[in-house]
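Everything on this sheet refers to the single structure shown next.
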Amino acid sequence: DSGVTQTPKHLITATGQRVTLRCSPRSGDLSVYWYQQSLDQGLQFLIQYYNGEERAKGNILERFSAQQFPDLHSELNLSSLELGDSALYFCASSPGLAGAEQYFGPGTRLTVT
Amino acid sequence: DQQVKQNSPSLSVQEGRISILNCDYTNSMFDYFLWYKKYPAEGPTFLISISSIKDKNEDGRFTVFLNKSAKHLSLHIVPSQPGDSAVYFCAASRGVYGGATNKLIFGTGTLLAVQP
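First to last, the sequence lines map onto chains A and B. Each residue of the first sequence is one higher than the one before, starting from 80 at the first, in my numbering. Each residue of the second sequence is one higher than the one before, starting from 117 at the first, in my numbering.
Given below as structure tokens:
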């Protein structure tokens, strides 16, 4: 158990809909990262938050957004969903901004039908 | 542009023997490298890491070697056990010494099968 929790574990929704994925980092970790793992793209970095502020963006679509709340949990919002958004979404956390291992949650499997 | 490459999609070894997983990178700005193990339907599990100022790091049965001139790292597992069967990802980041973001760039993974 990494100490990172993610809900829900599975999500099935229709095209055009909006969903919210939730992540709670390990106790004491200030950085939260979101990654997407799809069949043809591997694990891709989406976005990083550190202590409530956005720190880095990867190949995150404009239809996707995230935030980190004062209690340090984070939410990833996916809107106008397309079939190609079906993937595993992982959250990870680390103590600081850089230079440390990231610990991953169990992931949320999103299926868009 | 695949900055981190794992050219072997799969590897099969006998129990008790050495497993060697390889990874190449192209970005010379990477200064921190990690290996993760992943079982189906689970998140990646951190195994071992190495910073660019070292060329070797050891933790129990796992050793990571870094060859900066060749932009190559490898993970050695000795002795291999059936429970090691999983997908192994190498990852790289920049920013240990620059305070930049810690985003990880992952390779595509190598499926290790350890035969009893």
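For each residue, glycine too, the CB sits at the ideal point set by N, CA and C.
**Report entry** Span separating the alpha-carbon of Phe169(A) from that of Ser168(B)
**Finding:** Looking at the two C-alpha atoms, the distance is approximately 26 Å.
Query raised in the report: Quick one: any contact between the segment 135 to 149 of chain B and the segment 160 to 175 of chain B, if contact means 3 or more CB pairs under 8 Å?
Result: Touching, per the Cβ criterion.
Report task. Ignoring anything shorter than 3 residues or poking outside the segment 162 to 203 of chain B, list the beta strand (DSSP E) runs there in chain order. Result -> 172 to 175, 178 to 183 and 188 to 193
Query raised in the report: What is the residue span of the beta strand (DSSP E) that Phe148(A) lies within?
Result: Careful: Phe148(A) lies outside any beta strand (DSSP E) and carries neither H nor E.
Query raised in the report: Which value, in whole angstroms, describes the spacing of the CA atoms of Gln127(A) and Asn183(B)?
Result: 29 Å
Query - Outcome for Phe148(A) when other beta-carbon atoms lying within 10 angstroms are tallied against a minimum of 16 - result: exposed
Report task. Within 10 angstroms of the Cβ of Tyr155(B), are there 16 or more other Cβ atoms? Answer buried if so, exposed if not. Result -> exposed
Query - DSSP bridge partner residues for Lys121(B) (one or two, in chain order) - result: Note: Lys121(B) sits in a beta bridge opposite Asp140(B).
Requested in this report: Report yes or no: do three or more beta-carbon pairs, one from the segment 157 to 168 of chain A and one from the segment 98 to 109 of chain A, lie closer than 8 Å?
Outcome: yes
Requested in this report: Compare the C-beta of Gly176(B) with all C-beta atoms of chain A and state if any pair is closer than 8 Å.
Outcome: Taking 8 Å as the threshold, the shortest C-beta distance from Gly176(B) to chain A does not fall below it.
Query raised in the report: Near Phe162(B), what residues of its chain come up, given a Cβ to Cβ distance below 7 Å and the 5 sequence neighbours on each side ignored?
Result: Leu150 and Tyr152
Query raised in the report: In angstroms, rounded to a whole number, what distance separates the CA positions of Phe178(B) and Ser201(B)?
Result: 14 Å
Query raised in the report: Considering only C-alpha positions, which residue in the set Ala207(B), Asn218(B) and Leu228(B) is nearest to Lys121(B)?
Result: Ala207(B)
Report task. Could you name the residues of the segment 131 to 157 of chain A whose beta carbon sits closer than 8 Å to any beta carbon of chain B, in the order they occur along the chain? Result -> Arg134, Ala135 and Gly137
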